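*Asks:* Numbering (the numbering used here), first residue to last: 59 to 449.
(1) In angstroms with no decimal places, state the Cα-to-Cα distance between residue 75 and residue 184.
(2) Contact check, residue 254 vs residue 277 under 8 Å by CB: the rounded distance?
(3) Counting pairs of Cβ atoms below 8 Å between the segment 84-95 and the segment 221-233, do you hit three or more?
(4) Grouping DSSP H, G and I as helix and E and B as strand, with all else coil, what is residue 90?
(5) Under the three-state reduction of DSSP, which class applies to residue 280: helix, strand or coil?
(6) Rounded to a whole number of angstroms, what is the C-alpha to C-alpha distance between residue 318 and residue 327?
(7) With a threshold of 8 Å on Cβ separation, who are the neighbours of residue 447 within its own chain once the five nearest residues in sequence on each side are excluded?
(8) What did DSSP end up calling residue 212 once you bin it into helix, strand or coil?
(9) With contact counted as at least three CB pairs below 8 Å, one residue from each stretch, are the segment 205-214 and the segment 240-253 in contact?
(10) Taking the alpha carbon of residue 357 as the reference point, which residue from 252, 306, 301, 294 has its own alpha carbon closest?
(11) Can you list, in chain order, the residues of its chain whose CB lies under 7 Å from that of residue 362, leaving out five sequence neighbours each side?
(12) Given this structure, state the Cα-to-Cα distance separating residue 395 from residue 403, to the nearest angstrom.
(13) Would you call residue 329 buried or exposed, if buried means 16 or more other Cβ atoms sit within 10 Å of its Cβ?
(14) Pop quiz: residue 386 and residue 409 are said to be a contact at Cβ under 8 Å. What is the actual Cβ separation, rounded to whole angstroms?
(15) To the nearest angstrom, how far is it from the Cα of residue 340 to the Cα of residue 291?
(16) Are the segment 265-276 and the segment 121-128 touching by the rule of at least three beta carbon pairs closer than 8 Å?
(17) Thinking C-beta only, is residue 424 closer than 7 Å to residue 68?
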């Protein structure tokens, strides 16, 4: 075995979670290498853009507790590096008591926060108008919750921080270096990885390849039921005299199915909010099928919603962009070890909700890969859930 190319931990996927895992593995004294098929900070996966929502408002108590654990780690990273990664600006959830969706539901979030002692403010419809003057129209029955621990996550700053500090801890990070595991055996103590830069071996593996999961998992004989959604986001000019929170609407379409929009305050681009939606007209099974071109239909739906719901908004989208959601069969994330491979940890089916858990999931993946276990309750993310693995 070539000791120069043998590592304790090898990571495939250099998005936010992979970089976090590299940081925590190297910080734990593990000889660590990471392979990213594209350049770092690219716009082809799920970690691009400039902002993400951080929240502790969840319908499920365990998800809320994991978010609080993640917040503590974000704070720790900020203190250790001196870099601000979260901008605390609160989050307004509002809408109807709709059927619980992948993002949860208002009533369930209220019940969970009450049970866990997470502070929040509650508004009826009149209170929403009084406290949030950007609203133009709200249907009867709308109400809302505001949670002050929520924040806007600085995406590019976060990626660079985990990248740079992983290197400072001793990790080797290789870009434009697609990696393939060669003939893995269940229960193996070492794995061989082929790359354009040579052959590597590692005692444990972490795989966080998002939309490329099934290509990366193929040598293990495991395929997941995944759908790749090409999401759309754009900036919309607003009246600068109106204050804007970070917001998420739990609405319904004409058939009473969940219809959800969300947006960010005008921080990235003064005078413009960033807005998107939790649905897509572009679904794929392979990332090579993705056009990476914004969908005019979806952008019009977002613009039409904004001018109906809010005052002082121009529905013309600016600087529209796309991002990939890798959706599991049940819309829940997958964070586990591969069946039969206790030293191979994976994150997939992140479904657009993993970024807020960046430091926590990086730490958990490191723990799973090197010890086969973690003290955190991740049972809801089990790869053994019904329908997750293709039959």
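The beta-carbon is built from N, C-alpha and C at its ideal position, and this holds for glycine as well. No experiment lies behind these values; they were computed from the predicted model shown.
*Replies:* Let's see:
(1) Whole-angstrom Cα-Cα distance: 41 Å.
(2) With 8 Å as the limit, residue 254 and residue 277 do not qualify as a contact, their Cβ atoms being about 17 Å apart.
(3) By the criterion of at least three beta-carbon pairs nearer than 8 Å, the segment 84-95 is in contact with the segment 221-233.
(4) Here residue 90 sits in strand by DSSP.
(5) In this structure, residue 280 counts as coil in the three-state DSSP scheme.
(6) Their Cα atoms are separated by approximately 23 Å.
(7) For residue 447, where only same-chain residues beyond five positions count, the Cβ hits under 8 Å are 280, 281, 282, 283, 397, 441.
(8) DSSP places residue 212 within a strand segment (E or B) once states are collapsed to three.
(9) In this structure the segment 205-214 does not lie against the segment 240-253, because fewer than three pairs of beta carbons, one per stretch, are closer than 8 Å.
(10) Put simply, of 252, 306, 301, 294 the residue whose alpha carbon is nearest the alpha carbon of residue 357 is 294.
(11) Excluding the 5 residues flanking it on each side, residue 362 has same chain C-beta neighbours closer than 7 Å at 373, in chain order.
(12) Residue 395 and residue 403: Cα-Cα distance of roughly 4 Å.
(13) Note on residue 329: under 16 other CB atoms within 10 angstroms of its CB, so exposed under the neighbour-count rule.
(14) That belief holds up - the Cβ atoms of residue 386 and residue 409 are roughly 6 Å apart, short of 8 Å.
(15) Taking the Cα positions, residue 340 is about 13 Å away from residue 291.
(16) Contact check between the segment 265-276 and the segment 121-128: fewer than three CB pairs, one atom from each, fall below 8 Å, which does not count as touching.
(17) With contacts defined as CB atoms closer than 7 Å, residue 68 and residue 424 fail to qualify as a contacting pair.
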